[in-house]
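In what follows, a single structure is set out as structure tokens and then discussed.
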Amino acid sequence: MSDSDFDFDLFVIGTGPGGEGAAMQAVKGGLRVGVAERYRQIGGGCTHWGTIPSKALRYTITNTMNVLKNPVFREMGIHASPTMEQLRRGTAQIIAKQVTMRQSFYDRNDVPIQFGHARFVDDHTVLIDEKEPVRAKQFVIATGTRPYHPPNVDFDHPNIYDSDGILDLAEKPGTITIYGAGVIGTEYASMFRNLGVKVNLVNTRSRLLEFLDDEIVDALAYHLRDQGVVIRHDEVVDRIEGTDDGVILHLKSGKRIKSDVLLWANGRSGNTEELGLENVGLQVNKRGQLEVDQQFQTAREHIYAVGDVIGYPSLASAAYTQGRAAAMHILEQKNGNLRLDDIPTGIYTSPEISSVGQTERQLTEACIPYEVGQSQFKSLARAQIMGTTVGMLKILFHRETLKVLGVHCFGANASEIVHIGQAVMDSQDLNLEYFFETTFNYPTMAEAYRVAALNGYNRLF
Ligand SMILES: Cc1cc2nc3c(=O)[nH]c(=O)nc-3n(C[C@H](O)[C@H](O)[C@H](O)COP(=O)(O)OP(=O)(O)OC[C@H]3O[C@@H](n4cnc5c(N)ncnc54)[C@H](O)[C@@H]3O)c2cc1C
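Mapping the sequence shown onto numbering that gives the first Met the number 0, position 114 (from 1) lands on 113, and the numbers just tick up by one.
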């Protein structure tokens with residue numbers, strides 16, 4: 000078959016960060032690219048019901064509540080309780096800006112967007128909304144995920160929400176139970192608590208966010224409890240009972256938790272149903288996710304998959320990089336510079352958490368001789384000025400080579416400043432000395448690196 004038999008060299012299904020990364024890299028590399036999107040606007044779950052709306056709402060809640068809690072405003076007699084609708088207003092504007100900007104990427108690069116549900120009918124053809132056939136030589140599936148809905152939970156009940164629907168909450172509840180204490184569950188626990196809502200966070204595991212450094216997890220658990228979040232570990236749902244005035248969560252341990260609303264935040268499923276995968280000989284796992292190799296090729300080498308639909312790490316940041324990597328492989332470009340194994344974690348709880356590289360547990364298990372340098376935010380001038388003294392930066396480094404092996408941080412700006420450590424960690428030339436041989440702006444939160452590096456260096460003997 001020659002290239003002229005195809006409408007496109009590459010057809011991308013989904014316009015979230017995974018799809019956008021693939022489409023833009025491929026078109027810049029000279030391929031004829033088309034995309035499909037079944038939602039009414041581009042941007043994916045990332046823009047419309049995941050990352051952007053949740054982070055925008057978090058920002059508004061944090062700022063608004065900081066102002067309302069400020070003693071100066073209280074002295075002035077200002078007491079207010081913003082409605083959910085008021086708090087959400089800014090979010091809609093940010094989403095609109097994101098859509099306009101992202102749409103311009105497709106327009107400027109002449110990438111046509113076909114709005115409708117794409118489904119494979121044979122190896123090289125998809126139908127859009129069962130109408131127009133599109134033929135392409137290669138494909139990238141970037142269809143994302145949706146919240147997992149167990150059959151025995153009634154999501155039609157007005158007080159039972161999943162993580163996509165919770166953003167549309169009409170009124171601020173007095174109490175909320177969050178089932179599932181992964182990244183999304185803990186972020187929403189923090190957000191609702193900041194809003195003054197009583198929060199029950201139910202964890203199916205024995206610790207929060209087990210993939211993080213233990214000390215950071217302990218700090219998160221301490222601060223969530225300190226703020227008033229009730230955390231219950233090692234619990235499994237028995238059943239969920241929707242009542243006229245709320246929801247009762249019955250746990251297998253015999254406990255019952257009653258609250259105004261319940262947020263089900265326990266897992267997500269790949270958007271692979273009705274994608275016609277049976278027509279191209281592809282299968283998914285029990286979570287509806289596709290398996291790929293290191294080049295993001297599925298079992299059919301002309302069909303790639305990127306982003307949440309392939310599972311871990313299920314981050315917008317990673318989805319974009321994976322999309323680019325898939326396109327670079329199609330273009331036969333070298334992709335060794337994308338550092339796909341070095342994905343940082345950013346968790347927007349209060350306090351915010353971010354980390355990159357290995358944890359103390361991993362280094363200990365691997366018998367790597369490491370040392371730790373720490374800086375407490377309460378000793379930083381910038382943190383004192385901003386009133387954000389809760390937090391810590393921790394650098395793990397090789398005690399002989401001084402190579403940075405991991406950076407773990409919680410507190411104000413953690414998700415930003417972690418990248419300084421990431422750059423040094425990835426550098427062939429730099430090591431711990433960079434942090435105390437280089438002048439950092441003062442006062443900054445980034446100064447924590449100098450303090451932590453010296454703290455660790457002084458432990459060496
Ligand atoms: C509440 C929440 C908070 C989050 N916060 C963060 C965060 O702070 N940082 C971070 O990095 N990540 C965060 N994430 C994760 C992030 O949103 C996802 O990792 C990211 O959106 C994945 O991108 P994607 O391109 O794989 O899929 P998506 O962004 O979900 O896009 C998939 C697109 O494919 C379309 N589609 C699906 N099937 C078809 C079809 N058959 N035909 C046509 N179109 C189709 C969908 O309509 C959708 O537009 C969060 C997620 C949630 C739910």
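Each residue gets a CB set at the ideal place from its N, CA and C atoms; glycine is no exception.
- Here Pro-16 carries a helix assignment [DSSP, helix/strand/coil].
- DSSP places Cys-45 inside the alpha helix (DSSP H), whose first and last residues are 43 to 47.
- In the structure shown, Phe-72 adopts helical secondary structure according to DSSP, grouped into three states.
- Around Arg-231, the same chain offers Val-201 as residues with beta carbons nearer than 6 Å, after the five sequence neighbours per side are excluded.
- For Val-417, the secondary structure class from DSSP, reduced to helix, strand or coil, is helix.
- If you draw a straight line from the Cα of Arg-224 to the Cα of Glu-432, it is about 37 Å long.
- For Asn-199, the distance from the CB to the nearest heavy atom of ligand 1 is not below 6 Å.
- Under DSSP, Ser-354 forms a beta bridge with Thr-344, His-407.
- The bridge partners DSSP lists for Val-201 are Tyr-178, Arg-231.
- Exclusion of the five residues before and after Asn-193 leaves Ile-60, Thr-61, Met-64, Ser-349 as the residues of its chain whose Cβ lies within less than 7 Å of its Cβ.
- The continuous stretches of alpha helix (DSSP H) do not include Glu-446, and DSSP gives it neither H nor E.
- In this structure, Tyr-38 has its CB closer than 6 Å to one or more heavy atoms of ligand 1.
- Taking every protein chain shown into account, the CB of Lys-254 has fewer than 16 other CB atoms within 10 angstroms, so this residue is exposed.
- In the three-state reduction of the DSSP assignment, Ile-384 falls in the helix class, which pools H, G and I.
- When beta bridges are read from the DSSP output, Asp-121 appears opposite Thr-124.
- Listed in chain order, the non-local C-beta contacts of Gln-102 below 7 Å within the same chain comprise Ile-41, local neighbours out to five positions each way being set aside.
- When the Cα atoms are used, Leu-404 and Glu-436 turn out to be separated by approximately 19 Å.
- About 4 Å separates the beta carbons of Tyr-319 and Pro-16, which is inside the 8 Å limit, making them a contact pair.
- Closer than 6 Å to some heavy atom of ligand 1: that describes the Cβ of Cys-45.
- Boundaries of the beta strand (DSSP E) around Val-32: 32 to 36.
- Nearest to Asp-237 by alpha-carbon distance, out of Val-71, Pro-150, Ser-378, Asp-428, is Pro-150.
- Taking the CA atoms as reference points, Arg-134 sits about 28 Å from Ala-315.
- Contact between Tyr-369 and His-397 holds: CB atoms are separated by about 6 Å, below the 8 Å threshold.
- Out of Ile-329, Ala-35, Met-83, the CA that lies nearest to the CA of Tyr-105 is found in Ala-35.
- With 16 or more other Cβ atoms inside 10 Å of its own Cβ, Leu-379 counts as buried.
- In this structure, Asn-270 has its beta carbon less than 6 Å from a heavy atom of ligand 1.
- Here Val-66 carries a helix assignment [DSSP, helix/strand/coil].
- Under the three-state reduction of DSSP output, Lys-285 falls in the coil class, being neither helix nor strand.
- Ligand 1 never approaches Ile-177 closely enough for any of its heavy atoms to be under 6 Å from the residue's Cβ.
- Secondary structure note for Glu-436: its alpha helix (DSSP H) is the uninterrupted segment 432 to 436.
- In the DSSP annotation of this structure, Gln-226 is not part of any beta strand (DSSP E); the continuous alpha helix (DSSP H) holding it starts and ends at 213 to 226.
- The count of Cβ pairs closer than 8 Å, one atom from the segment 139 to 159 and one from the segment 254 to 265, reaches three, so the stretches are in contact.
- In this structure, ligand 1 has no non-hydrogen atom nearer than 6 Å to the beta-carbon of Ser-189.
- Within a 10 Å sphere around the beta-carbon of Ser-1 sit fewer than 16 other beta-carbons, which makes this residue exposed.
- Excluding sequence positions up to five before and after Leu-459, its CB lies within less than 7 Å of the CB of Glu-370, Arg-398, all in the same chain and listed in chain order.
- Proximity of the beta carbon of His-222 to ligand 1 is not indicated: no heavy atom of the ligand is located closer than 6 Å.
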